[in-house]
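Heads up, the thing below is written out as structure tokens.
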Ligand SMILES: *Cc1c(COP(=O)(O)O)cnc(C)c1O
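Residue numbers (our numbering): 50 to 442.
Right under this line is the structure:
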């Protein structure tokens with residue numbers, strides 16, 4: 050039955066469908082792994098942020114089960130009221146150690162970690178310098194803080210410097226950048242940004258969601274990648290990507306972490322990570338600390354994939370990481386490309402506006418250590434076939 054109060058929503062949805070921007074969400078009937086079961090058949094999975102294949106790793110599965118045996122499933126309430134389980138404290142200690150940071154606090158997700166951190170650091174009289182391609186959770190966290198937001202051109206340190214020089218009369222200042230940009234797979238010039246932050250004495254925050262488990266020694270992240278330990282004030286991260294479970298983290302100076310326990314609203318007003326998530330993430334840290342094997346495999350797979358795609362003649366944009374965008378431009382072409390891949394047994398998502406700018410639609414390929422050489426060979430043959438068929442190459 051139609052209701053005139055929601056007619057506008059039906060019209061918006063019809064418009065999205067018309068423009069090829071309506072997102073149909075697939076149902077997965079298997080664990081997240083190199084192949085996933087969709088509509089009764091197994092497809093090669095190039096959609097997940099499961100960089101290291103930990104989402105269905107036997108050691109994490111076992112750790113989660115043992116965690117439940119010891120602590121049950123739920124945290125009961127927010128930690129500041131009901132107390133905090135030693136398991137969460139242990140994970141925070143181990144994550145700080147792993148990231149070579151002074152201290153760490155966990156959140157329910159990377160998204161809430163940003164919503165907690167930014168408003169705790171800046172307010173109405175303050176200013177945030179934000180890369181124009183920063184993640185939605187950084188944008189939302191920045192808006193929530195009520196600080197003035199000054200966007201600088203993507204990865205453009207000259208523009209950042211110009212914006213800082215031009216912007217006067219505010220109280221506290223904060224620079225925020227993604228570490229790895231999730232739709233392009235390029236890396237922020239964090240070393241240069243760090244120099245600028247030091248020169249102007251501005252707080253610096255990086256969101257390392259796609260860097261954790263990927264960049265740096267054994268996946269220690271972007272701060273380790275550039276050797277900037279102790280120079281970046283605050284690192285936000287996620288346990289929902291390379292770490293294979295779900296959760297968020299903030300690592301950095303002890304006083305910032307202490308402050309977030311007092312003033313981070315998603316910490317104070319939303320329950321903690323669940324027990325199996327925490328237990329699985331603890332095991333993920335163990336796996337990462339024991340060996341660089343998975344991280345090395347991830348990079349080898351990513352290099353092989355990117356180079357083969359380039360040799361076919363695909364435009365892989367600015368990718369420097371396991372995120373490889375196949376740049377197609379037109380949103381409908383990207384959807385057709387993704388649909389044809391799907392029919393040929395490869396699951397890779399078309400991404401269009403508003404996730405990426407208008408006219409920059411793409412199929413985004415997420416490489417993973419979970420893929421075998423055969424998986425990659427099979428997928429590449431499909432990409433080449435569909436690329437030729439649709440006259441992209
Ligand atoms: C994925 C992502 C997040 C959100 O992480 P979740 O744990 O999934 O909430 C935050 N920031 C960036 C840059 C991301 O890519």
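Glycine included, each C-beta is placed from N, C-alpha and C at the ideal position. Small disclaimer: the values here were computed from a predicted structure and weren't measured.
query = Quick one: is the Cβ of residue 160 within less than 7 angstroms of any heavy atom of ligand 1?
reply = yes
query = So does residue 231 have its beta carbon nearer than 7 angstroms to some heavy atom of ligand 1?
reply = yes
message = So if DSSP puts residue 124 in a beta bridge, which residue, or which two residues, is it bridged to?
response = In DSSP, residue 124 forms no bridge with anything.
key: Proximity winner among 120, 143, 95, relative to residue 133 (alpha-carbon distances)   = 120
Closest by C-alpha distance to residue 240, when choosing among 205, 277, 270, 207 = 277
inquiry  = One question on the structure: do residue 483 and residue 103 come within less than 8 angstroms of each other, judged by their Cβ atoms?
reply    = Nothing about residue 483 can be reported from this structure: the residues present for the chain run from 50 to 442 only.
ask   = With contact counted as at least three CB pairs below 8 angstroms, one residue from each stretch, are the stretch 183-194 and the stretch 376-394 in contact?
value = no
query = Going by the C-beta, is residue 259 closer than 7 angstroms to any heavy atom of ligand 1?
reply = yes
ask   = Going by the beta-carbon positions, is the gap between residue 285 and residue 416 smaller than 8 angstroms?
value = no
request  = Return yes when the C-beta of residue 234 is under 7 angstroms from any heavy atom of ligand 1, and no when it is not.
outcome  = Incorrect: residue 234 has no Cβ contact closer than 7 angstroms to ligand 1.
key: Contact set for residue 268: own chain, Cβ-Cβ below 7 angstroms, skip 5 residues either direction   = 261, 262, 291, 337, 344
message = Quick check: the stretch 194-213 against the stretch 152-162, are at least 3 beta-carbon pairs closer than 8 angstroms?
response = no
ask   = Is any heavy atom in ligand 1 found nearer than 7 angstroms to the beta carbon of residue 220?
value = no
ask   = Rounded C-beta distance between residue 82 and residue 105? I'm assuming under 8 angstroms.
value = Residue 82 to residue 105, Cβ: 5 angstroms. Contact.
ask   = How about residue 290: is its Cβ closer than 7 angstroms to a heavy atom in ligand 1?
value = yes
task = Using 7 angstroms as the cut-off, classify the Cβ of residue 105 as near or not near the heavy atoms of ligand 1, replying yes or no.
result = no
request  = Have a look at 237, 115, 358 and flag the residue whose alpha-carbon is nearest the alpha-carbon of residue 330.
outcome  = Of 237, 115, 358, the residue nearest in Cα terms is 115.
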